[in-house]
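*Asks:*
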Amino acid sequence: MARTLVVIRHAKSDWTHDLPDDQRPLNPRGQREAPLIGRWVAEHVGPVDLVLCSTAARARETLQRSGLTAGEVRHDERVYAAAPQDLMSVLDEVSDDLDTVAIVGHNPGVSELVGVLTGEPVELKTSAIAVVTWQGGWPDVWARGASLVSHATPRG
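Residue numbers (the UniProt record's numbering): 1 to 156.
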């Protein structure tokens with residue numbers, strides 16, 4: 001069975017406030033660009049079964065403003081500041097009943113994840129999206145070798 005992973009880096013965040021890293025909101029540019037993420041995914045990927053979102057404020061706000069719809073949304077603290085192997089541990093828990101999953105996270109982890117899975121180095125700038133596919137279950141992605149189908153950075 002074909003699996004699709006949509007890897008999304010959060011939109012541009014605000015550095016002007018003296019806040020802990022995980023509490024930083026989006027800046028005005030990020031607020032403008034987040035809806036473009038949802039539109040791009042709807043047009044190029046289609047329905048998403050599950051979104052795994054970092055618990056950081058900027059990731060949650062990106063998801064909320066994107067308008068991305070999914071059968072289920074999980075806010076998972078393991079996605080925040082995660083290395084590729086940590087993100088794969090989260091994906092290992094995804095039910096094989098689900099075909100399309102999105103992760104909303106942070107660099108360097110999300111860019112490195114795409115590179116590890118596909119063998120293609122990718123730099124996901126803020127608001128960037130990478131679409132990765134492979135045949136098999138969610139835990140199979142390490143062994144099967146995935147393909148980078150699309151890479152985009154919607155800008156407004």
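Ideal placement from N, C-alpha and C gives every residue a C-beta, glycine not left out.
What separation, rounded to the nearest whole angstrom, lies between the Cα atoms of L19 and L63?
*Replies:* Looking at the two C-alpha atoms, the distance is approximately 20 Å.
*Asks:* At what residues does the beta strand (DSSP E) containing T126 begin and finish?
*Replies:* Looking at the DSSP string, T126 is not in any beta strand (DSSP E), and its letter there is neither H nor E.
*Asks:* Runs of 3 residues minimum, wholly inside the stretch 26-97: which ones carry the beta strand (DSSP E) assignment?
*Replies:* Runs of the beta strand (DSSP E) inside the stretch 26-97: 48-53 and 70-75.
*Asks:* If you pair each beta-carbon of the stretch 14-30 with each one of the stretch 38-47, do three or more pairs fall below 8 Å?
*Replies:* Flag = no, the stretch 14-30 and the stretch 38-47 do not touch.
*Asks:* Looking only at its own chain, which residues have a Cβ that is under 7 Å from the Cβ of A82, when we skip the five neighbours before and after it?
*Replies:* Only G105 and G109 meet the Cβ criterion.
*Asks:* Where does G136 sit, in a helix, a strand or coil, going by DSSP?
*Replies:* Coil at G136, not helix or strand.
*Asks:* Mind checking whether A102 and A70 have CB atoms under 8 Å apart?
*Replies:* For A102 and A70, yes; Cβs fall inside 8 Å.
*Asks:* Using a threshold of 8 Å, state whether the C-beta atoms of E33 and A11 are closer than that.
*Replies:* Taking 8 Å as the Cβ cut-off, E33 and A11 qualify as a contacting pair.
*Asks:* Which partner residues does A152 have in the DSSP bridge list?
*Replies:* For A152, which the question treats as bridged, DSSP gives the partners I129.
*Asks:* Measure the alpha-carbon distance for R24 versus D14 and round it to whole angstroms.
*Replies:* Whole-angstrom Cα-Cα distance: 6 Å.
*Asks:* Which word fits R155, buried or exposed, when buried means at least 16 other C-beta atoms lie within 10 angstroms of its C-beta?
*Replies:* Flag for R155 reads exposed.
*Asks:* Less than 6 Å between C-beta atoms, sequence neighbours within five positions excluded: which residues of the same chain meet that for G38?
*Replies:* Within the same chain, G38 has close Cβ partners S66, G67 and L68.
*Asks:* What residues are listed by DSSP as bridge partners for L5?
*Replies:* BP columns for L5 point to V101 and V132.
*Asks:* Kindly list the residues whose CB is nearer than 6 Å to the CB of V94, restricted to its own chain and excluding five residues on each side of it in sequence; keep chain order.
*Replies:* Counting only Cβ-Cβ distances below 6 Å, and skipping sequence neighbours, we find V101 and W138.
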